[in-house]
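What follows is one structure encoded as structure tokens, with my remarks underneath.
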Amino acid sequence: MAPRGRPRKRLGRIDAAIDAMTPFGFDESLVRKTVNKLLKEYGGNEGWAFIEDCGYKELIEAILRDLESNDEGTTNLQEDCTNNEC
Numbered sequence: 001m002a003p004r005g006r007p008r009k010r011l012g013r014i015d016a017a018i019d020a021m022t023p024f025g026f027d028e029s030l031v032r033k034t035v036n037k038l039l040k041e042y043g044g045n046e047g048w049a050f051i052e053d054c055g056y057k058e059l060i061e062a063i064l065r066d067l068e069s070n071d072e073g074t075t076n077l078q079e080d081c082t083n084n085e086c
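Everything in the sequence shown is counted per full-length UniProt numbering, starting at 1 for the first residue and increasing by one.
Structure, rendered in structure tokens:
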């Protein structure tokens with residue numbers, strides 16, 4: 001049997017962001033997706049300064065915006081179904 005290798009230490013910036021967001025109840029995959037989207041908007045790794053500023057305030061706001069827009073979309077679909085009797 002091949003050796004498994006050394007376990008990962010989770011010392012990266014993304015890991016710190018995940019560790020900071022999980023006490024707020026955000027899922028790891030949601031945090032990763034949002035961080036990657038923000039990094040793409042801010043032009044790569046230079047965007048970490050904006051994300052980490054004020055205790056990940058920008059990250060929290062981006063996650064909440066995404067969740068809010070998803071909730072509004074599902075509410076609109078539910079209203080359309082009740083009006084059209086899906």
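Where is the CB? At the ideal position from N, CA and C, for every residue including glycine.
Query: Unbroken alpha helix (DSSP H) run spanning residue 36, endpoints; Result: 28-42
Query: Inter-residue Cα distance where the pair is residue 69 and residue 62; Result: 11 angstroms
Query: Helix, strand or coil at residue 57 according to DSSP, with G and I counted as helix; Result: helix
Query: Inter-residue Cα distance where the pair is residue 56 and residue 1; Result: 42 angstroms
Query: Beta-carbon spacing of residue 59, residue 22 below 8 angstroms; Result: no
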